[in-house]
Ligand SMILES: *Cc1c(COP(=O)(O)O)cnc(C)c1O
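Numbering (this note's numbering), first residue to last: 24 to 241.
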């Protein structure tokens, strides 16, 4: 087994163990490999090992890397997990099937406009600034309901809520808060958890975990 394959297997086992503890079906958790800063070779190794969901955080980097990979691997789903400027909406809609960083109505408008032009309908997560941090992306907690309703009224499928908890503090209370917001607004999907905390995220209801370092480095 390649190193990539054994890392992938290990992460899948840890996700399954966390799901079992929470009496959840491990099949309800999608593992997304965050491939930002990683080269095509490392990505291809993971694809060969069976990984199908990948994410990038910058449109320019994704544009430079992914078109040939997607041409060769039509069953790969590419996600956007980084801050998105409206003037990058055309490229984002062309490249990404799922966008985790919708945080304002003007960006939704830009994605819908480009979606109409290109005949594409990326699914979107509403990103929540769950730790109410000045510099972080995501909409403010009181704005979640309005943005969720705007997506529901749009042609784009609502994938769920997404958040990145503050660094350096216990993330579980933030995961629990995101799950509570999702319940309150009748939203099913929860994109939360990264290399350091995906087990806790899965136990608290994550349906998508975004793992970079732990999948790409020993
Ligand atoms: C980089 C990144 C990740 C993955 O982080 P790791 O700690 O390397 O697993 C997850 N989500 C977002 C939004 C990221 O930018």
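Beta carbons are placed, not taken as given, at the ideal position from N, Cα and C, and that holds for glycine.
Check	Outcome
Proximity to residue 220 [Cα-Cα], best of 87, 236, 74 and 207	236
CB of residue 73 within 8 Å of CB of residue 125, strictly	no
First through last residue of the alpha helix (DSSP H) which encompasses residue 239	236-239
Backbone secondary structure at residue 210 - three-state DSSP	coil
Residue 207 burial status per 10 Å Cβ neighbour count (16 or more: buried)	exposed
Identity of the residue in 65, 148 and 58 nearest residue 28 by Cα	65
Check: residue 218 C-beta below 7 Å from any heavy atom of ligand 3	Although ligand 3 was asked about, the structure shown includes only ligand 1 as ligands.
is_contact[residue 148, chain C] using C-beta, thresh 8 Å	Note that chain C does not occur in the displayed structure, where there is just one protein chain.
Residue 179 vs residue 171 beta-carbon contact at 8 Å	no
Length of the line joining the Cα atoms of residue 164 and residue 95	40 Å
Between the CA atoms of residue 57 and residue 154 - distance to the nearest angstrom	22 Å
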